[in-house]
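Peer 1:
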Amino acid sequence: MNIQRMRFDHPDAVKLNDQVQLEYAARYGDEGDVTPLDPLMFAPPRGLYLLAYDGLGRPVATGGWRTQDENAEGYANGDAEIKRIYVVPEARGLGLARRVLAALEEDARTAGRTRMVLETGTAQPEAIALYASSGYEPCAKFGHYRAHENSRCFAKPLTRH
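Residue numbers for the sequence shown follow my numbering, so the first one is 1 and each next one is one higher.
#1: Where does Gly57 land, buried or exposed, given buried means 16+ other C-beta within 10 angstroms?
#2: Quick test of your reading: Arg115 and Leu158, contact by CB under 8 Å. State the CB separation rounded to the nearest angstrom.
#3: Does the stretch 20-31 come close enough to the stretch 90-102 that 3 or more CB-CB pairs lie under 8 Å?
#4: Along the chain, where does the beta strand (DSSP E) containing Lys83 start, and where does it finish?
#5: In angstroms, rounded to a whole number, what distance separates the CA positions of Tyr84 and Gly74?
#6: Using beta carbons (cut-off 8 Å, strictly below), is His144 in contact with chain C?
#7: Would you mind stating whether Gly63 and Leu104 have Cβ atoms separated by less than 8 Å?
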């Protein structure tokens, strides 16, 4: 797999974002994730967006992080928030989400962020299992869905290796 830095509004990123939104809508019976996102949120050094391509040049996985600091939505200074980790169904089980997650953590650490945080939901047990097995622990709720019953928030310190 070829993992590349990409803009959040790149056509391949938009394509996979549209696909993940359809999956969210199907799993939760709603319109998908309506968290306000701007492509500039993922621009280095305050964020990063990655796309993974298969051997035929097809986009098959994605993920990003964006800077967060203390605010009314429950974030803390030094936070880096994971958004849109997604693997197309035909490429699942190959370890792509784990590779994207590791690359995002390393980039956020290099950018000086001290904690990686993410929000997912109860209808995404695969995501919860990935994060738990990658050292993430439940934390106080934050972000757009912090008041939603099905929301689950996780955090992991970004310690230096």
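Beta carbons: idealized from backbone N, C-alpha and C, even for Gly. Since this is a predicted model, take the numbers as computed values, not measurements.
Peer 2: For this structure:
#1: exposed
#2: Indeed, because the Cβ distance is near 6 Å, the residues count as touching under 8 Å.
#3: no
#4: Asp79 to Val87
#5: Contrary to the premise, residue 84 reads as Arg rather than Tyr in this sequence. Rounded to whole angstroms, Arg84 and Gly74 show a C-alpha spacing of 19 Å.
#6: Absence of chain C from the displayed structure is noted, only one protein chain being present.
#7: yes
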